[in-house]
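Below is one structure, written out as structure tokens; the observations come after it.
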Amino acid sequence: MRSQALQAACRPLRSPSSTLQPLTAFQSRPITTSRPAFGAYTSKPSYNNNASTTTAKKPVTSSSSSTAPKINAPAAKPYAPSQQQQASAIDIEETPIPVVLDPQAAQVPGATIEDVDPELAAQIPTPTNSNTSNGAGKNKGAFTAALTGGGGNGKGNGAAQQTIDWSSSYHGLSTEAFSPEVAKILMQPLDPLDVEVKPDGIIYLPEIKYRRILNQAFGPGGWGLAPRGELVVGEKVVTREYALIVGGRFVAQARGECQYFSEETIPTAGEGCKSNALLRCCKDLGIASELWDPRFIREFKKKYAHEIWVEHIVNKKRRQVWCRKDADPWYPYQIVKKTA
0 MRSQALQAAC RPLRSPSSTL QPLTAFQSRP ITTSRPAFGA YTSKPSYNNN ASTTTAKKPV
60 TSSSSSTAPK INAPAAKPYA PSQQQQASAI DIEETPIPVV LDPQAAQVPG ATIEDVDPEL
120 AAQIPTPTNS NTSNGAGKNK GAFTAALTGG GGNGKGNGAA QQTIDWSSSY HGLSTEAFSP
180 EVAKILMQPL DPLDVEVKPD GIIYLPEIKY RRILNQAFGP GGWGLAPRGE LVVGEKVVTR
240 EYALIVGGRF VAQARGECQY FSEETIPTAG EGCKSNALLR CCKDLGIASE LWDPRFIREF
300 KKKYAHEIWV EHIVNKKRRQ VWCRKDADPW YPYQIVKKTA
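If you count the sequence shown from 1, position 217 lands on 216 in numbering that gives the first Met the number 0, and the numbers rise without skipping.
As structure tokens, then:
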């Protein structure tokens, strides 16, 4: 019975004309379980330019007894640079790289007056005095002498002019008194119409009046304010020290101040600080000295000013302020109307 079942299993499943093979044919084939050896797919496909199609080699499945084909690659030659490349490499190594520590040191110096107009440079006299402000003992150039004025009178007469640092110098202090004509203009009595009154009762002279008196006494350009330091910005106030220079002489110095309310108004406060320093310096020249006299202040306020009740235009709050008798109170205040 067992032999008959074995023979029935070995019979063909289909007719002899069928393409299927008996089971014994499959059993006779060897079973390959190993993967293709390394290098089996390394062979590149061969391209034939004359043929219309391209054929590539199929991967070779190696059994346990087969070995991978060996690929003979040409040996790599060592790199040898040419003579031109060797020469350029030597030039790069020998050429020093310039190192610039200061960018301004590499800038080309500006042209002088001798380079622009030699004829004009020959007409400018060269200073003969070897003493300079820093004591170096060297003569100034013609162009530098022309910039500094050339001479002591400012007309370029050939005499060397000493450079003065007005940020710290007191040159010419109390060396000579002003002429009687100038002193009369500086110390003239105040005109009551020029004096103003603040809401808190302080009387003052507008800073433009100080400038007019200085221009009348010394002429425009005959005086000036030299800063003695940097602008100091505080939380709500700016200050700076100035010196009043008249005719190349130090006359007075004072520190001005001005309040500000935002960072955008700091430049405007700086100008107010300068004007405040000017009116303080003018005290040393006797300009508007009555404003610091208590007796004059009391008499002026009694004759030309009064204290009144005013009302704020926006919030309608009332308060007492000082103002001139011949003027209305400052905005935003108005006089309180009396009711019957």
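Cβ coordinates follow ideal geometry from the N, Cα and C atoms, glycine included. Computed from a prediction, not measured in an experiment: that's the story for all the values here.
Coarse secondary structure for R317, derived from DSSP in three states: Here the question's residue 317 lines up with position 318 in the sequence shown. Looking at R317 - three-state DSSP - the assignment turns out to be strand.
Three-state secondary structure assigned by DSSP to G223: For the purposes of this step, residue 223 is taken as residue 224 along the sequence shown, with counting starting at 1. G223: strand per DSSP, three-state reduction.
Exposed unless 16 or more other CB atoms sit within 10 angstroms - verdict on K197: Here the question's residue 197 lines up with position 198 in the sequence shown. It counts as exposed.
Validate contact between the region 288–296 and the region 196–215 using beta carbons, cut 8 angstroms, 3 pairs: yes
C-alpha gap between R254 and R317, whole angstroms: Taking the sequence shown and counting its residues from 1, the one referred to as residue 254 is at position 255. Taking the sequence shown and counting its residues from 1, the one referred to as residue 317 is at position 318. Annotation: R254 to R317 spans about 36 angstroms, alpha carbon to alpha carbon.
Under 8 angstroms between C-beta atoms of I307 and L185: Sequence index remark: in the sequence shown, residue 307 carries index 308 (1-based). Sequence index remark: in the sequence shown, residue 185 carries index 186 (1-based). No. Outside cutoff.
Residue of L172, D164, N214, L189 minimising C-alpha distance to V181: Here residue 181 is taken as the residue at index 182 of the sequence shown, counted from 1. Ranking the options by Cα distance to V181, first place goes to N214.
Beta-carbon proximity check, L243 vs G269, cutoff 8 angstroms: Position 244 of the sequence shown, counted from the start, is the residue given in the question as residue 243. Position 270 of the sequence shown, counted from the start, is the residue given in the question as residue 269. In this structure, G269 does not lie closer than 8 angstroms to L243 by Cβ.
Of the listed residues D114, F177, Q187, nearest to F249 (C-alpha basis): Numbered from 1 along the sequence shown, position 250 holds the residue referred to as residue 249. Measuring from the Cα of F249, the nearest candidate turns out to be F177.
Beta-carbon separation (whole angstroms), G357 vs C281, contact threshold 8 angstroms: What the structure shows of the chain is the stretch from 0 to 339, and residue 357 is not part of that stretch, so it cannot be assessed.
Contact set for L189: own chain, Cβ-Cβ below 8 angstroms, skip 5 residues either direction: Counting from 1 along the sequence shown, the entry for residue 189 is found at position 190. So the list reads L204, A287, E289, L290, once near-sequence residues are dropped.
For T238, the first and last residue of its enclosing beta strand (DSSP E): Counting from one through the sequence shown, the residue named residue 238 turns up at place 239. First-last of the beta strand (DSSP E) with T238: 236–245.
Assigned exposure category for L278 - 16 Cβ within 10 Å defines buried: Position 279 of the sequence shown, counted from the start, is the residue given in the question as residue 278. Taking every protein chain shown into account, the CB of L278 has 16 or more other CB atoms within 10 angstroms, so this residue is buried.
Unbroken beta strand (DSSP E) run spanning F177, endpoints: If you number the sequence shown from 1, residue 177 lands on position 178. Note, F177: premise wrong, no beta strand (DSSP E); not H, not E.
For Y332 and V320, believed in contact at Cβ under 8 angstroms, the rounded distance: The residue you call residue 320 lines up with position 321 of the sequence shown. The residue you call residue 332 lines up with position 333 of the sequence shown. V320 to Y332, Cβ: 6 angstroms. Contact.
For L224 and K273, believed in contact at Cβ under 8 angstroms, the rounded distance: For the purposes of this step, residue 273 is taken as residue 274 along the sequence shown, with counting starting at 1. For the purposes of this step, residue 224 is taken as residue 225 along the sequence shown, with counting starting at 1. Indeed they touch by this definition, with Cβ atoms about 6 angstroms apart.
Own chain partners of G153 with C-beta closer than 6 angstroms, once the 5 adjacent residues on each side are dropped: Start at 1 with the first residue of the sequence shown, and residue 153 comes out as number 154. Legend: pLDDT at G153 = 43, less than 50; position of this residue unreliable, no value from coordinates given.
Cβ shell of I265 (< 7 angstroms), same chain only, five flanking positions each side left out: By 1-based counting over the sequence shown, the position of residue 265 is 266. Closer than 7 angstroms at the Cβ level, and outside the excluded window around I265, lie V232, V237, Y259.
Simplified DSSP state of Q187, which is helix, strand or coil: Sequence index remark: in the sequence shown, residue 187 carries index 188 (1-based). Here Q187 sits in coil by DSSP.
A276 (DSSP reduced to helix, strand or coil): The residue labelled residue 276 in the question sits at position 277 within the sequence shown. Three-state result, A276: helix.
F249, enclosing beta strand (DSSP E) - first and last residue: Your numbering for residue 249 matches position 250 in the sequence shown. 248–258 is the span of the beta strand (DSSP E), which, as asked, contains F249.
Where the beta strand (DSSP E) containing E310 begins and where it ends: As a position in the sequence shown, residue 310 is number 311, starting the count at 1. Segment 304–311, the beta strand (DSSP E) holding E310.
Segment limits, alpha helix (DSSP H) that includes I334: Against the sequence shown, residue 334 aligns to sequence position 335. Careful: I334 lies outside any alpha helix (DSSP H), inside the beta strand (DSSP E) at 332–334.
A225 beta carbon near the ligand NAD (any heavy atom closer than 7 angstroms): With respect to small molecules bound, the structure shown includes none, and the ligand NAD cannot be examined in it.
K208: first and last residue of the uninterrupted alpha helix (DSSP H) it sits in: Residue mapping note: residue 208 aligns to position 209 of the sequence shown, counting from 1. For K208, the enclosing alpha helix (DSSP H) begins and ends at 206–217.
Nonlocal neighbours in the same chain, by C-beta distance under 8 angstroms from A326, ignoring five residues either side: To locate residue 326, count along the sequence shown from 1; it is residue 327. Nothing meets the Cβ criterion.
Where I296 sits in the DSSP three-state scheme: The residue labelled residue 296 in the question sits at position 297 within the sequence shown. Helix at I296.
Opposing strand residues paired with I202 [DSSP bridges]: Residue mapping note: residue 202 aligns to position 203 of the sequence shown, counting from 1. In DSSP, I202 forms a bridge with V196.
Buried versus exposed, by CB contacts within 10 Å (16 or more), W222: Residue numbering aside, residue 222 sits at position 223 when the sequence shown is read from its first letter. By the 10 Å Cβ count, W222 comes out buried.
Pair within 8 angstroms by beta-carbon distance, T283 and A251: Numbered from its first residue, the sequence shown carries residue 283 at position 284. Numbered from its first residue, the sequence shown carries residue 251 at position 252. First, the residue type needs correcting, since residue 283 is Asp and not Thr in the sequence shown. It is a contact, given that the beta carbons lie within the stated cut-off.
Proximity to P219 [Cα-Cα], best of P226, Y209, Y241: Translated into the one-based positions of the sequence shown, residue 219 becomes position 220. Selected option, being the one with the closest Cα: Y209.
Spatially closest choice to L192 from C322, I334, K336, Y330, by CA coordinates: By 1-based counting over the sequence shown, the position of residue 192 is 193. Closest by alpha carbon: C322.
Residue environment, V335, which counts as buried when at least 16 other CB atoms sit within 10 Å: Start at 1 with the first residue of the sequence shown, and residue 335 comes out as number 336. It counts as exposed.
Counterpart residues of V232 in DSSP-defined beta bridges: The sequence position of residue 232 within the sequence shown is 233, counting from 1. In the DSSP assignment, V232 is bridged to V237.
Between the CA atoms of F217 and T377 - distance to the nearest angstrom: The shown model of the chain, from 0 to 339, leaves out residue 377, and the question about it has no answer.
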